[in-house]
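Take the sequence shown: its position 144, counted from the start at 1, is 144 in the UniProt record's numbering, and no numbers get skipped.
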Amino acid sequence: MHHRSNEADVVAWKGKRMRLSRTRLPGRSLAVCAALVTAGSLVAGCGGDGDTDPVPATPTEGTVSLTIAAPTSADVPNPDEVTPAAAAQLCDMMRAEVGNWSEQGEVVGRVSFNGTVHNWAVRNGGLNDAVLADQSIIDTATIQECPDVRQQVLDALNLDDLAAGLAGF
1 MHHRSNEADV VAWKGKRMRL SRTRLPGRSL AVCAALVTAG SLVAGCGGDG DTDPVPATPT
61 EGTVSLTIAA PTSADVPNPD EVTPAAAAQL CDMMRAEVGN WSEQGEVVGR VSFNGTVHNW
121 AVRNGGLNDA VLADQSIIDT ATIQECPDVR QQVLDALNLD DLAAGLAGF
C-alpha cells in the first residue's frame, strides 16, 4: 500500500525536506483518555452535595488592647557594667593565653592581649564602649576576680597596669 504524499506531510528543517509520519499510537491515546476520565471523576467528587452553610461575615469593628509592664532594672542589663561572670570569663581567657604572651615577647604579646580583650568585650554584650570610656575597668575587674592572673599578664607584657597595654580602645 502506497501512501500518497500531501503538502502538509512535508516540512523543511535546516534546509532539508523531511516527510512527517502519520503513524498513530492507539495505546497512547487510550492512556490519555483514561487519565482524563479519572481526573474528571476525582474533581467531580470534590464538589460536595451543595448543602453548605454560608460563611459568616468578618466583623468590621473591634478593639485590641495590650498592656506591657515597664521593665525593671533587673530585666535590663547594663551594657557598661562588667558583671562578676564577665570578669571571670576575662580571667579565664587571659589565664589560657598568658603563657603564649610570655613566649611571643612584649610587642606581639600586647597585640594578642588586645585581641583577647576585644573578643571578651564583644562576647559580653559589647563592652567595647565601656572599655573605650574607661580602660581601667579591665584592671578593676581582674583585681577583684583574679589578681594572680592579672599579675602574670603584667609581668609577661611588662606593664604597670592592664589599661596601659590596651590600644585601639
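Each residue gets a CB set at the ideal place from its N, CA and C atoms; glycine is no exception.
- Task: Using the Cα positions of D134 and V82, report the straight-line distance between them to the nearest angstrom.
- Result: 12 Å
- Query: Thinking C-beta only, is R95 closer than 7 Å to G165?
  - Reply: no
- Item | CB contact flag (A69, A141, <7 Å) | no
- Query: If we cut at 7 Å on Cβ distances, does Q151 have a partner in chain D?
  - Reply: The structure shown has no chain D; it contains just one protein chain.
- Message: So the candidates are Q152, E145 and L154; which of them puts its Cα closest to the Cα of L90?
- Response: E145
- Query: In angstroms, rounded to a whole number, what distance separates the CA positions of A85 and Q104?
  - Reply: 29 Å
- C-alpha gap between T116 and T58, whole angstroms: 59 Å
- Query: In this structure, does DSSP put G109 in helix, strand or coil?
  - Reply: helix
- Message: Buried or exposed for L132, going by 16 or more other Cβ atoms inside 10 Å?
- Response: exposed
- Query: Is the beta carbon of A167 sitting closer than 7 Å to the one on W101?
  - Reply: no
- Item | T142, DSSP secondary structure in three states | helix
- Query: Given L159, which residues of its chain have a CB within under 7 Å of its CB, disregarding the five upstream and five downstream residues?
  - Reply: G165
- Limits of the alpha helix (DSSP H) - the one that G99 falls within: P84 to Q104
- Message: Which of the three DSSP states is assigned to D160 in this structure?
- Response: coil
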